[in-house]
Amino acid sequence: MKKTRGDSNERENERKNERRLQRPWKGYESMGGKHAREMHGMGEMEKGYTYTKMVGEGFDETVAKVREELKKASFGVLSEIRVDKLFKEKLNLDMEPYVILGACNPEFSSQLVEIDPNSGSFLPCNILVYVKEGKTHVSLTLPTIAMSVAGNEELIEVATKVEEILRDVVNRV
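According to the UniProt record's numbering, the stretch in the sequence shown is residues 1 to 173, in order.
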């Protein structure tokens, strides 16, 4: 079969995507990626944008524990989205339990919005609790990664403090 220019472009795009996946921080240094990379190290994350921990308790117990630990850290839960129930209702899709908790600390949130009113689009911080293959997981969407797209070091500084607290919350669950 004759190779076409499209085939070579497709292969090149695949190689670029593979390299990008191997180095997800590359190209984001000016947007906080370097800072976030230095703070976390890729080895302790499941994905480049989350911090995830598998826990020994069941789903309901874990959700309660996350709420308790958030409260101890002066974070409130502003929203709770039961993704599994939503998918069942809207798509008649059965899935294991899955919730998104929207966590917020008014002090940090007000700092972010004061620095840049548009940073509110990244609020609240999301903590997921879900069951996969019978095991319960807690996953934090990393605030430093979310804020890095703004390219504002002041936002990254606040997000770094928030992330440290929320990683501790996940670790205590």
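For every residue, glycine included, the Cβ atom is placed at its ideal position computed from N, Cα and C.
These numbers were taken from a predicted model, which means no experiment stands behind them.
Best match in the options for proximity to residue i [C-alpha to C-alpha]
i    : options             : result
G76  : A159, V138 and N126 : N126
L155 : Y130, E107 and Q111 : Q111
G48  : L128, A146 and V83  : A146
E169 : E114, V129 and G120 : One detail in the question is off: residue 169 reads as Val in this sequence, not Glu. For V169, the nearest C-alpha among the options comes from V129.
I81  : E114, I100 and M54  : I100
Beta-carbon proximity list for residue i, same chain, < 7 angstroms, skipping 5 on both sides
i    : result
D94  : K88
P124 : L78, S79, G102, A103 and C104
D116 : A150, N152 and L155
Three-state class that DSSP yields for residue i in the structure shown
i    : result
V138 : strand
V173 : coil
V149 : coil
Backbone CA spacing between residue i and residue j [nearest angstrom]
i    : j    : result
E164 : A73  : 11 angstroms
V131 : Y98  : 6 angstroms
F122 : K90  : 26 angstroms
L166 : E107 : 14 angstroms
L70  : T52  : 16 angstroms
Cβ-heavy atom distance, residue i to the ligand NAD, below 7 angstroms
i   : result
S74 : Among the components of this structure there are no ligands whatsoever, and the ligand NAD is therefore not found.
Own chain, CB closer than 6 angstroms to residue i, minus 5 neighbours either side, in chain order
i   : result
M54 : K135 and H137
Exercise. Go through the segment 41–125 residue by residue and report every complete run of the beta strand (DSSP E) that reaches 3 residues or more, in order.
Key: 50–55, 76–82 and 98–104
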